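Per my numbering, the sequence shown runs over residues 7 to 451.
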Amino acid sequence: MADDKLTKIISLCKRRGFIFGGSQIYGGLSSIWDYGPLGVNLKKKIKDIWWKEYVENRNDIVGLDSSIIMSEGVFLASGHLKGFSDLLVDCASCGKRFRLDMIEKVSDNVYKCPECKKEIDTEKNPPRKFNLMFKTNMSASEDNPYYGYLRPETAQGIFVNFSNVLNTTRKKLPLGIAQIGKAFRNEVTTGSFIFRMKEFEQMEIEYFVRPEKGDEFYKYWVKERYDFYLNSIGLSRESLRLREHSQEELAHYAKACTDIEFNFPFGWSELEGIANRGDYDLTKHAHESGKDLSYFDQKTKEKIVPYVIEPSAGVDRTFFAVISDAFCQEEVKGRERTVLKLKPHLAPHQVAIFPLLKKNHDIVKLAKNIFYDIKSKLPASYDDTASIGKLYRRQDEVGTPFCVTVDVDSLGDKKVTVRNRDSMAQDRISIDKVFDFISDQLDKQ
Ligand code: ATP
7 MADDKLTKII SLCKRRGFIF GGSQIYGGLS SIWDYGPLGV NLKKKIKDIW WKEYVENRND
67 IVGLDSSIIM SEGVFLASGH LKGFSDLLVD CASCGKRFRL DMIEKVSDNV YKCPECKKEI
127 DTEKNPPRKF NLMFKTNMSA SEDNPYYGYL RPETAQGIFV NFSNVLNTTR KKLPLGIAQI
187 GKAFRNEVTT GSFIFRMKEF EQMEIEYFVR PEKGDEFYKY WVKERYDFYL NSIGLSRESL
247 RLREHSQEEL AHYAKACTDI EFNFPFGWSE LEGIANRGDY DLTKHAHESG KDLSYFDQKT
307 KEKIVPYVIE PSAGVDRTFF AVISDAFCQE EVKGRERTVL KLKPHLAPHQ VAIFPLLKKN
367 HDIVKLAKNI FYDIKSKLPA SYDDTASIGK LYRRQDEVGT PFCVTVDVDS LGDKKVTVRN
427 RDSMAQDRIS IDKVFDFISD QLDKQ
């Protein structure tokens, strides 16, 4: 059933223009996906909600857009060059490669190949470390290369700009620096759709605080970020849970870490991680670069290295969670109806307008007038490329909360039919009241 749901979601996303396979006409690239017209619309809404909530509406967080390619020194300091690797094993039978921590252990040293189901004996075929960073030659010559790295997280761009931001904004602690941007990891994975990609997008905040405030702000951010998914994005409470990392699981630099997990079609998995990273990052970068990355507290007249709390979210995983939560199939009059019950503020279009008869010029003219009027106030689309039943089905699948149909009677009684996506109720509404009627209903949802 879960596999089935995943397959159906992928198919809907491709069919309706949310997500396409990367480089598809050349056979595709594994774990690389492109966002289509509706996908980019929904993805932008997610990012805008986050940015508005944390950067625009607050005075203690500022924004940043740092570069994707960063120097080797950055990742020597962060530990990514040495430690950011997975243990991989090859299946001797089918030749496929897997992450050791993601496959089933059968007995000591023996694992089960998820592909051909044969045994993988790690005594005979020992796992090897594989660094997840993408390295790129930045020299103009192949003979004399020097290398840069595509960042595996946006966070490092924040740490290396910590003193630039402090000096230019003159802000005091607690101070957050927020960034939305691409990150790259050469992940070895199959079949997890946009959950695990090689190129993905993150929304990260590095929130710098006085060391003794670390624990208090860590707790604050766990609650704040959980509430964000619940209230600002609108995910259902049953699909969300918190999972605190045990001491053994914690990365060596982290003082504490909690994952916000979502119940994806393949089970509970990480949507976001919130960590108290102590002073690890600033200390390491100060040491590696030789630059002073401390903070002078004017009040206490002391120099300190702040602690940092990191709420690190994935744009793509949030997108996936939104689609997965909204995906619904129900039986209507003996037929299966697929609906994305998206919250209206996330729906790519809030209204779709159709003329019932596209050959009738008066109906088309009236429908287009209504469309242009509504479009100036709400995200709307116009469609006359199929029969009314198909048009409704199309809009249900992309999550449009309301459809407006203009028919022959509309020319006389100046009324149109407004159909509600979820209840499928149809109301006959005066054209001059359509916008108010729909806004009213949207406000209630
Ligand atoms: P996982 O354990 O699932 O590999 P992670 O712990 O490595 O994730 P972090 O390094 O904490 O992930 O990254 C922060 C967030 O960035 C994750 O919670 C997730 O939302 C997102 N993210 C990380 N890796 C990927 C990826 N390969 N594809 C899509 N999103 C990702």
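Backbone N, C-alpha and C fix where the C-beta goes; we use that ideal spot for every residue, glycine too.
These figures come from a predicted structure and were not determined experimentally.
Per DSSP, what are the beta-bridge partners of residue i in this structure?
i    : result
V357 : A386, F408
R103 : D96
P317 : I280
F441 : F441 is not bridged to any residue.
G418 : BP columns for G418 are empty, so no partner.
C334 : V345
N426 : F408
R247 : E267
N273 : A small fix is needed here, since residue 273 is Gly in this sequence, not Asn. F270, per the DSSP bridge assignment.
I183 : V68, E212
M76  : Y155
K188 : E207
E308 : D303
Which residues in the same chain as residue i place their Cβ atom closer than 7 Å to its Cβ, once the five residues preceding and following it in sequence are excluded?
i    : result
K135 : S91, L93
R434 : K421, T423
To which residues of the same chain is residue i closer than 6 Å at the C-beta, ignoring the five residues directly before and after it?
i    : result
P317 : I211, W227, R231, I280
S99  : C122, K124
A265 : This sequence places Asp at residue 265; Ala is not what is there. Same-chain partners within the cutoff: R249, E276, G279.
Y301 : I310, P312
Q432 : T423, R425
C19  : I25
For residue i, which residues in the same chain have their Cβ closer than 8 Å to its Cβ, ignoring the five residues on either side in sequence?
i    : result
V61  : I67, V68, G69, A184
S169 : K297, D298, L299
T406 : A353, P354, H355, Q356, V357, A358, S387, R427
Q335 : K14, E342, R343, T344, V345
Y398 : C409, R425
Any heavy atom of the ligand ATP inside 8 Å of the beta-carbon of residue i?
i    : result
L277 : yes
M203 : yes
S36  : no
Q208 : yes
I55  : no
I98  : First, the amino acid is wrong: residue 98 is Ala here, not Ile. A98: no, Cβ never under 8 Å from the ligand ATP.
G320 : yes
E230 : no
R249 : no
A353 : no
R191 : yes
R157 : no
R323 : yes
I239 : no
D287 : no
With distances taken between CB atoms, is the gap from residue i to residue j smaller than 9 Å?
i    : j    : result
V328 : I52  : yes
D287 : S84  : yes
V116 : D127 : yes
D285 : P312 : yes
R462 : I200 : Residue 462 is absent from the structure shown; the chain starts at 7 and stops at 451.
V321 : I376 : no
F223 : N282 : yes
H251 : Q162 : no
G45  : I38  : no
Q304 : K141 : no
F206 : Y155 : no
L138 : P151 : no
Discussion item. In chain order, what are the residue ranges of uninterrupted alpha helix (DSSP H) at least 4 long that sit wholly in the segment 8 to 65?
Written reply: 8 to 21, 43 to 57
Practice prompt. Quick one: which unbroken alpha helix (DSSP H) runs of 4-plus residues sit fully inside the segment 192 to 245? Chain order, please.
Written response: 220 to 233
Practice prompt. Only counting runs of 4 or more residues, tell me where the alpha helix (DSSP H) segments fall wholly within the segment 114 to 175, in order along the chain.
Written response: 161 to 166, 168 to 175
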